[in-house]
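Chains as they are written, first to last, in our numbering: chain A, 21 to 263; chain B, 21 to 263. For glycine and all other residues, C-beta sits at the position ideal for the given N, C-alpha and C. Treat the numbers as computed from the prediction; the structure is a model and nothing was measured. These notes concern the structure reproduced below.
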C-alpha cells in the first residue's frame, strides 16, 4: 500500500528536507519513526527538497507500507514520535503508481517580508527588512518572470547537474497587509535557490538599486554569474503542491 | 542622566529576564553591551522579572549614564550589539528619580492559546492546546479573580519571600479570533507564576475538569498547596507597563 502524507515543518529547526550527514533533516526524522514502526528500513519520497531554514506549510511525501493501520491512528503515531517542529496534517491511501516527486503539476511558494519595525518573535519566520519597498516597480519587474523561460540566470546548479533550466511560472502575486508583504510564486517547478534569487532581485528593485528593465535583461542573458544574491531562507514557505 | 528603555524579546531564547549563572538572560545581554559602551560596569533595573520562555512585547528598564549620545544613536548602538532576539523600541530621558520597578502603576500580560490545529511555527509563541474550550465558563471563573484579593493560592513563593500576597486585578479580557484565544490580564502587579497558574486554572474550567465555583473556593482558601499546575511559559507575553 502507498500512502500520501501532507506535513508542515519549521525549517529553522532542520538542516533542510533532504538527509545530510551535517545535521538533522526533516526526511531523516520521519524515516526514523517509520523505520521504528515497521521494524525495517522505510524510505520516503518528498515532492522536492527545501533548503535549510525554509519552511513548509504543506509539503507532500509518499511511502510504502504493509502495516494494516487506520489512517488516523497512523497519523497520531507519527505525530507522537516525530520532532515537535514537524506535524503530519493528513495521510491518505493512494494508487501504487502515485509519485510525490514525479507527478507534481504545480507548486506554490510564499515569501514573507516584514517592512515594518523589527519583530523579535518572527526573526526565523519572516525576512526582517524593516523598511518600505516600491511595490509598483517590484510588480513590474516580477511580470518579466511570468511564463516559460530559461532561468539559467537564477540558478545555482551547474549545467551538468541540471541540464534543463527552463521552468514555467504561472503567476506571482503580491499582497500587503499592515507591514507584511507576501509574494506568492506558483509554477511548474523551481530550480534550487531560484525563488530566493528571484525574491532578492525583486527586493533590489523595490529598494531602487535595480530597475525593472535590468531584471528583464538579466533573465534574457541566461548567465548564471549575473545573480549572486539570494534572500534569506527564513521568509520562504512551501505552501502547496498540486498533482 | 537616567534613561527609560522599552524593549521586546523572544523569551524562548533566554533563561528569563534576570541574571542567573545557568544561562543567558535578557538583563545580562543588555548589561554586557552597556558595559562595553561605557567602559565600566553598568546595571539596569527592569519593571520586574519574566521567567524562562516568557516573552515581552514592551518590557521597561532604566539605567544611568554619563555618555552624551543622542537617543536615536544610543538605540541604534544597543540594537546593533545585543542578541538578535532582543529589540530596543524606544529610549527616553527621564527624571533622576524615575524607577522602572518601584513606580509601576499597572501591568498588562497576555496569554495566547491555539485552540485549532497544531502550529509548528508557533510552538514557542502560543500554547498549543489544539482543542476547544468552554469560554463562557472560563469567563465566569475569571470574574472571581477581578478585584483585590489575597492570591496566596496562586503563589509559588514562600511567605517569607513575599509576605504580602494581596494583589489587584483590574480586568481579565477574553478575545477569540479564528482559533486563537487571547486572555489579557491587567493588574497592579503579579506574583511569580501567578498568571500561568491563573491561566491553567481557567483552562481546566474550559476543559470541564473544574467548575467556576471550585475556582472561587480555591481563591478563598488562600492555600498555596491547592494549585500545582501552571500553563507553559510559551504563550505568555508582558504586553505593557504603565507608570
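Is any beta-carbon of chain A found at less than 8 Å from that of residue i?
i: residue 140 of chain B; result: yes
i: residue 131 of chain B; result: no
i: residue 75 of chain B; result: yes
Between which two residues does the alpha helix (DSSP H) harbouring residue i extend?
i: residue 263 of chain A; result: First-last for residue 263 of chain A: undefined, no H or E at that position.
i: residue 240 of chain B; result: 232-241
i: residue 163 of chain B; result: 155-163
Taking the alpha-carbon positions, what's the residue i to residue j distance?
i: residue 137 of chain B; j: residue 103 of chain A; result: 16 Å
i: residue 30 of chain A; j: residue 237 of chain B; result: 42 Å
i: residue 148 of chain B; j: residue 218 of chain B; result: 17 Å
i: residue 105 of chain A; j: residue 99 of chain A; result: 10 Å
i: residue 77 of chain B; j: residue 126 of chain B; result: 15 Å
i: residue 235 of chain A; j: residue 221 of chain A; result: 7 Å
i: residue 194 of chain B; j: residue 130 of chain B; result: 10 Å
i: residue 203 of chain B; j: residue 132 of chain B; result: 7 Å
i: residue 184 of chain A; j: residue 227 of chain A; result: 32 Å
i: residue 309 of chain B; j: residue 42 of chain B; result: The structure shown does not extend to residue 309 of chain B, since chain B is modelled only from 21 to 263, so the question has no answer here.
i: residue 248 of chain B; j: residue 176 of chain B; result: 9 Å
i: residue 246 of chain B; j: residue 173 of chain B; result: 6 Å
i: residue 63 of chain B; j: residue 83 of chain B; result: 7 Å
i: residue 33 of chain A; j: residue 73 of chain A; result: 7 Å
i: residue 69 of chain B; j: residue 38 of chain B; result: 6 Å
i: residue 45 of chain B; j: residue 35 of chain B; result: 5 Å
i: residue 28 of chain B; j: residue 80 of chain B; result: 9 Å
i: residue 135 of chain B; j: residue 55 of chain A; result: 32 Å
i: residue 231 of chain A; j: residue 161 of chain A; result: 8 Å
i: residue 186 of chain B; j: residue 169 of chain B; result: 5 Å
i: residue 241 of chain B; j: residue 158 of chain B; result: 20 Å
i: residue 155 of chain A; j: residue 166 of chain A; result: 17 Å
i: residue 201 of chain B; j: residue 139 of chain B; result: 14 Å
i: residue 215 of chain A; j: residue 88 of chain A; result: 40 Å
i: residue 65 of chain A; j: residue 239 of chain A; result: 32 Å
i: residue 142 of chain B; j: residue 257 of chain A; result: 14 Å
i: residue 23 of chain A; j: residue 114 of chain A; result: 6 Å
i: residue 40 of chain B; j: residue 71 of chain B; result: 11 Å
i: residue 110 of chain B; j: residue 150 of chain A; result: 16 Å
Check whether the Cβ of residue i lies closer than 8 Å to any Cβ atom in chain B.
i: residue 198 of chain A; result: no
i: residue 96 of chain A; result: no
Counting only Cβ pairs nearer than 7 Å, list the residues of chain B close to residue i.
i: residue 28 of chain A; result: 140
i: residue 145 of chain A; result: 141
Starting from residue i, find everything on chain A with Cβ-Cβ shorter than 7 Å and list it in chain order.
i: residue 100 of chain B; result: Here the premise fails: no neighbours, minimum Cβ distance about 12 Å.
In chain B, which residues lie less than 9 Å from residue i when you measure between Cβ atoms?
i: residue 106 of chain A; result: 140
Grab the span of the beta strand (DSSP E) containing residue i for me, first residue to last.
i: residue 170 of chain A; result: 167-170
i: residue 130 of chain B; result: 126-134
Could you confirm whether any beta carbon from chain E is found closer than 8 Å to the beta carbon of residue i?
i: residue 73 of chain B; result: Absence of chain E from the displayed structure is noted, the protein chains being A and B.
Would the C-beta of residue i count as close to the ligand MG, meaning under 7 Å from any of its heavy atoms?
i: residue 107 of chain A; result: Absent from the structure shown: the ligand MG. Ligands present: none.
Secondary structure, beta strand (DSSP E): runs of 3+ residues fully inside the stretch 180-229 of chain B: 186-197 and 200-207, all fully within the stretch 180-229 of chain B.
Completely contained beta strand (DSSP E) runs for the stretch 21-105 of chain A, where each covers 3 or more residues: If we require 3 residues or more, the beta strand (DSSP E) runs fully inside the stretch 21-105 of chain A come out as 22-29 and 75-84.
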